[in-house]
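Novice:
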Amino acid sequence: MTLHQIPNTLQTDAFWMPFTANRQFKAAPRMFASAEGMHYTTVDGRKVIDGSAGLWCVNAGHGRRQIAAAVEKQLMNLDFAPSFNMGHPIAFDFAERLAAIAPKGLDRIFFTNSGSESVDTALKIALAYQRAAGQATRTRLLGRERGYHGVGFGGMSVGGMVNNRRAFATHLPGVDHIGHTYDLARNAFSKDLPAHGAELADDLERLVNLHGAETIAAVIVEPVPGSTGVLPPPQGYLQRLRQLCDKHGILLIFDEVITGFGRLGTPFAADYFGVTPDLMTTAKGITNGTVPMGAVFCSRKVHDGLMVGPENAMELFHGYTYSAHPVACAAGLATLDIYKDEGLLTRGASMAEYWRDALHQLKGLPNVIDIRNVGLMGAVELAPRKDAPGARGYELMVDCFNRGLYFRQSGDAVAVSPPLIVERSHIDEMVSILGDAIKRVA
Ligand SMILES: Cc1ncc(COP(=O)(O)O)c(C=O)c1O
Numbered sequence: 002m003t004l005h006q007i008p009n010t011l012q013t014d015a016f017w018m019p020f021t022a023n024r025q026f027k028a029a030p031r032m033f034a035s036a037e038g039m040h041y042t043t044v045d046g047r048k049v050i051d052g053s054a055g056l057w058c059v060n061a062g063h064g065r066r067q068i069a070a071a072v073e074k075q076l077m078n079l080d081f082a083p084s085f086n087m088g089h090p091i092a093f094d095f096a097e098r099l100a101a102i103a104p105k106g107l108d109r110i111f112f113t114n115s116g117s118e119s120v121d122t123a124l125k126i127a128l129a130y131q132r133a134a135g136q137a138t139r140t141r142l143l144g145r146e147r148g149y150h151g152v153g154f155g156g157m158s159v160g161g162m163v164n165n166r167r168a169f170a171t172h173l174p175g176v177d178h179i180g181h182t183y184d185l186a187r188n189a190f191s192k193d194l195p196a197h198g199a200e201l202a203d204d205l206e207r208l209v210n211l212h213g214a215e216t217i218a219a220v221i222v223e224p225v226p227g228s229t230g231v232l233p234p235p236q237g238y239l240q241r242l243r244q245l246c247d248k249h250g251i252l253l254i255f256d257e258v259i260t261g262f263g264r265l266g267t268p269f270a271a272d273y274f275g276v277t278p279d280l281m282t283t284a285k286g287i288t289n290g291t292v293p294m295g296a297v298f299c300s301r302k303v304h305d306g307l308m309v310g311p312e313n314a315m316e317l318f319h320g321y322t323y324s325a326h327p328v329a330c331a332a333g334l335a336t337l338d339i340y341k342d343e344g345l346l347t348r349g350a351s352m353a354e355y356w357r358d359a360l361h362q363l364k365g366l367p368n369v370i371d372i373r374n375v376g377l378m379g380a381v382e383l384a385p386r387k388d389a390p391g392a393r394g395y396e397l398m399v400d401c402f403n404r405g406l407y408f409r410q411s412g413d414a415v416a417v418s419p420p421l422i423v424e425r426s427h428i429d430e431m432v433s434i435l436g437d438a439i440k441r442v443a
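With the working numbering applied, the sequence shown has no gaps in its numbers, which climb one by one up to 443 at the end.
1) Can you tell me where the beta strand (DSSP E) holding residue 264 begins and where it ends?
2) Exposed or buried, what is residue 191 when buried is set at 16 or more other beta-carbons lying within 10 Å of its beta-carbon?
3) Figure out for me which residue from 294, 189, 207, 353 has the closest Cα to the Cα of residue 418.
4) Can you give me the C-alpha to C-alpha distance between residue 350 and residue 102, rounded to a whole angstrom?
5) Which partner residues does residue 407 have in the DSSP bridge list?
6) Compute the minimum distance between the beta carbon of residue 259 and the heavy atoms of ligand 1, and state whether it is under 7 Å.
7) Could you check whether residue 251 and residue 202 sit closer than 8 Å to each other, using their CB atoms as the reference points?
8) Can you give me the Cβ contacts of residue 82 inside the same chain, cut-off strictly under 7 Å, excluding the 5 residues immediately before and after it?
9) Have a look at the DSSP bridge pairing and note the partners of residue 40.
10) Quick one, which of 93, 114, 226 has its alpha-carbon nearest residue 108's?
11) Run the CB neighbour count on residue 213, radius 10 Å, all protein chains shown included, and call it buried at 16 or more, exposed below.
12) Within the same chain, show all residues whose beta-carbon is closer than 8 Å to that of residue 175, passing over the 5 residues directly before and after it, in chain order.
13) Between residue 233 and residue 225, is the Cβ-Cβ spacing less than 8 Å?
14) If distances are taken between C-alpha atoms only, which option among 134, 165, 28, 50 comes closest to residue 308?
15) With three or more C-beta pairs closer than 8 Å as the rule, is the stretch 193-202 touching the stretch 177-185?
16) Output the residue ranges of the beta strand (DSSP E) runs that lie fully inside the stretch 284-342 and measure 3 residues or longer, sorted by chain position.
17) State the CB to CB distance for the pair residue 239 and residue 276, rounded to an integer number of angstroms; the pair is presumed to be in contact (CB under 8 Å).
18) Just checking residue 413 against ligand 1 - is the residue's beta carbon closer than 7 Å to any of the ligand's heavy atoms?
19) Which partner residues does residue 111 have in the DSSP bridge list?
20) With DSSP as the reference, please indicate the residues paired to residue 381 in a beta bridge.
21) Measuring only the C-alpha atoms, how far is residue 343 from residue 336?
22) Assuming the contact rule is C-beta atoms closer than 8 Å, residue 293 and residue 331 should be a hit. Round their C-beta distance to whole Å, please.
23) What residue range is occupied by the uninterrupted alpha helix (DSSP H) comprising residue 439?
24) If you measure from the CB of residue 152, is any heavy atom of ligand 1 nearer than 7 Å?
25) For residue 150, write down the residues that DSSP places opposite it in a beta bridge.
26) For residue 276, which three-state DSSP category applies?
27) Alpha carbon to alpha carbon, what distance is there between residue 413 and residue 374?
28) Quick one: is the Cβ of residue 123 within less than 7 Å of any heavy atom of ligand 1?
29) Which residues share a DSSP beta bridge with residue 141?
30) At a cut-off of 7 Å, is residue 46 close to ligand 1 when judged by its beta-carbon and the heavy atoms of the ligand?
31) Judging by CA-CA distance, which residue of 227, 228, 222 is the nearest neighbour of residue 242?
32) Do residue 406 and residue 378 have their CB atoms nearer than 8 Å?
33) Please identify the residue among 165, 72, 34, 299 whose C-alpha is closest to the C-alpha of residue 20.
34) Considering just the uninterrupted stretch of the alpha helix (DSSP H) at residue 102, what are its terminal residues?
35) Are the CB atoms of residue 34 and residue 63 within a distance shorter than 8 Å?
36) Strictly by DSSP, which residues pair up with residue 386?
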């Protein structure tokens, strides 16, 4: 088979692919057939190193037998059980295990099935909390430019990526955005957290002055925006945002769908930055990407604020058929065991320096205008071609795939975040393929 050739029995018409240029893809498909450890194998038998942990989710690497065994056992024992007014022990066990590794105080867990659902759930909990606290005028939700919070109407509305919003005119009402923190002029090629820009958190004051604090329920940010190209926050920025939220009675939501479960070398970004939000959204790494699942970690303040009213009254009119799905819980418990046994929630800390130095070696290559890193996340930003933003990034992604490296493209940025089992030799291999491809595509 030649490169990209797929079995000629495979029809590609019916599957409407998500976040993909369908016609372009189907003209020259890139297909994975299997995966093990740090690598995918393509349908034509080539090994491709996984530079993005799938979609930032396969934190313990691919093909983990322990998870497969737990899933199979659970399927045979209790394939499904409702969580509406009924329970099954594994859901309670999993919530306790998550609470045990949660940032201090965020130990009340609401289960969902994806990052998007976690975000919409957190936004709804924030609104319900404010109402229960006698602050019913606090209905406004704030996001941040260049934020990605999934694709539900809530997440889309607080999100700050124009292409994800413009076709879907009717967003949630009452949403506004603080400015993003990416400052190429002042912070290009920063190592770890950029020095400039803590004061950008004060943009929250602008919206408070514009709308009135008493109208604002919550602000949601990714501690490190991932999908818009890995944007580490300026030093002191998140601390300042926390202070301002406290000052104005606004709930702070961290969207840790990417940064959760060890990505920065700490269990959660909240631990890395020493900033505790009121609510934290997670998904992806919660089951190592094997079974769809998400969870919202809630502070006692928020949770207990809703545990009011008569004991026989439902406290939150919200949930999903598959909330706390037993098979997802089984996958999640096995995943947490692996994280614990292999020290993966903190392993990134010991690899981060090597990762940073390797990525920054690409400085000086043609059209590289910025390199960013924090924990085991990184990005290489290329100058956009005139009148064709994203074209250079796309060509680079295809070139790398052809030469054995997969990563997530974000416009003209390469966003890399390997499985947390990554070894130095893998980092060398990724950076070498990337460097050669940058020279070719430039
Ligand atoms: C920060 C963040 N929030 C939410 C989501 C949405 O997650 P999902 O695709 O599981 O709905 C993502 C997905 O990449 C994400 O990066």
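Beta carbons are placed, not taken as given, at the ideal position from N, Cα and C, and that holds for glycine. Owing to the predicted nature of the structure, the values given are computational and were not obtained by experimental measurement.
Specialist: So, from the listed chains and residues:
1) For this step, residue 264 is matched to residue 263 along the sequence shown. Secondary structure note for residue 264: it is in no beta strand (DSSP E), with a DSSP letter that is neither H nor E.
2) For the purposes of this step, residue 191 is taken as the residue at position 190 of the sequence shown. Looking at its Cβ environment, which holds 16 or more other Cβ atoms inside 10 Å, residue 191 is buried.
3) On the sequence shown, position 417 is the one that residue 418 refers to. Nearest neighbour of residue 418 by Cα position, chosen from 294, 189, 207, 353, turns out to be 353.
4) To locate residue 350, count along the sequence shown from 1; it is residue 349. To locate residue 102, count along the sequence shown from 1; it is residue 101. Using only the alpha carbons, I get a separation of about 17 Å.
5) Position 406 of the sequence shown holds residue 407. For residue 407, which the question treats as bridged, DSSP gives the partners 51.
6) One-based indexing of the sequence shown puts residue 259 at position 258. For ligand 1, at least one heavy atom lies less than 7 Å from the Cβ of residue 259.
7) The residue labelled residue 202 in the question sits at position 201 within the sequence shown. The residue labelled residue 251 in the question sits at position 250 within the sequence shown. In this structure, residue 202 lies away from residue 251, with their beta-carbon atoms at least 8 Å apart.
8) Working through the sequence shown from its first residue, we reach residue 82 at position 81. Excluding its 5 nearest sequence neighbours in each direction, residue 82 has C-beta neighbours in its own chain below 7 Å: 89, 327, listed in chain order.
9) As a working note, residue 40 is residue 39 in the sequence shown. According to DSSP, which records beta bridges pairwise, residue 40 is partnered with 37, 50.
10) Along the sequence shown, read from residue 1 onward, the residue named residue 108 stands at position 107. Per the Cα distances, 93.
11) Residue 213 sits at position 212 when you count from the first residue of the sequence shown. Its Cβ having fewer than 16 others within 10 Å, residue 213 is exposed.
12) Here residue 175 is taken as the residue at index 174 of the sequence shown, counted from 1. Contacts found: 140, 141, 142, 216.
13) Locating residue 233 in the sequence shown gives position 232, counting from the first residue. Locating residue 225 in the sequence shown gives position 224, counting from the first residue. Taking the C-beta atoms as reference points, residue 225 is found nearer than 8 Å to residue 233.
14) Position 307 of the sequence shown, counting from 1, holds the residue named residue 308. Residue 134 is the option with its Cα nearest to residue 308.
15) Touching, yes, given that three or more Cβ pairs across the two stretches are closer than 8 Å.
16) Within the stretch 284-342, the complete beta strand (DSSP E) segments at least 3 residues long are 295-299, listed from N- to C-terminus.
17) The count along the sequence shown starts at 1 and reaches residue 239 at position 238. The count along the sequence shown starts at 1 and reaches residue 276 at position 275. Contact holds; Cβ gap of about 5 Å.
18) Translated into the one-based positions of the sequence shown, residue 413 becomes position 412. Result no, Cβ not under 7 Å from ligand 1.
19) Numbered from 1 along the sequence shown, position 110 holds the residue referred to as residue 111. According to DSSP, which records beta bridges pairwise, residue 111 is partnered with 297.
20) Walking along the sequence shown from the start, residue 381 turns up at place 380. The partner list for residue 381 (beta bridge, DSSP) reads 372, 415.
21) For the purposes of this step, residue 343 is identified with residue 342 of the sequence shown, where counting begins at 1. For the purposes of this step, residue 336 is identified with residue 335 of the sequence shown, where counting begins at 1. Residue 343 and residue 336: Cα-Cα distance of roughly 11 Å.
22) Looking up residue 293 in the sequence shown gives position 292. Looking up residue 331 in the sequence shown gives position 330. The Cβ separation is near 13 Å, so there is no contact.
23) Reading the sequence shown from its first residue, position 438 is the one you call residue 439. From DSSP, the alpha helix (DSSP H) with residue 439 extends over 425-442.
24) Taking the first residue of the sequence shown as 1, we reach residue 152 at position 151. True, at least one ligand heavy atom lies under 7 Å from that Cβ.
25) On the sequence shown, residue 150 is found 149 positions in, with the first residue counted as 1. DSSP output for residue 150 lists no bridge partner at all.
26) Working through the sequence shown from its first residue, we reach residue 276 at position 275. The answer is coil: DSSP assigns residue 276 none of H, G, I, E or B.
27) As a working mapping, residue 374 is identified with position 373 in the sequence shown. As a working mapping, residue 413 is identified with position 412 in the sequence shown. Put simply, the backbone Cα of residue 374 is about 16 Å away from that of residue 413.
28) As a first step, residue 123 is located in the sequence shown; it is residue number 122 there, counting from the start. Not under cutoff, so the answer is no.
29) Here residue 141 corresponds to residue number 140 of the sequence shown, with the count starting at 1. As a beta-bridge residue in DSSP terms, residue 141 pairs with 217.
30) Counting from one through the sequence shown, the residue named residue 46 turns up at place 45. No, ligand 1 has no heavy atom inside 7 Å of this Cβ.
31) As a first step, residue 242 is located in the sequence shown; it is residue number 241 there, counting from the start. Nearest of 227, 228, 222 to residue 242, Cα basis: 222.
32) On the sequence shown, position 405 is the one that residue 406 refers to. On the sequence shown, position 377 is the one that residue 378 refers to. No; because the gap between Cβ atoms is not below 8 Å, this pair is not in contact.
33) Taking the first residue of the sequence shown as position 1, residue 20 is located at position 19. Comparing Cα-Cα distances from residue 20 to each of 165, 72, 34, 299, the minimum goes to 165.
34) Locating residue 102 in the sequence shown gives position 101, where the first residue counts as 1. Looking at the DSSP string, the run of the alpha helix (DSSP H) that includes residue 102 is 90-102.
35) The residue given as residue 63 occupies position 62 in the sequence shown. The residue given as residue 34 occupies position 33 in the sequence shown. No. Outside cutoff.
36) Working through the sequence shown from its first residue, we reach residue 386 at position 385. Answer is 389.
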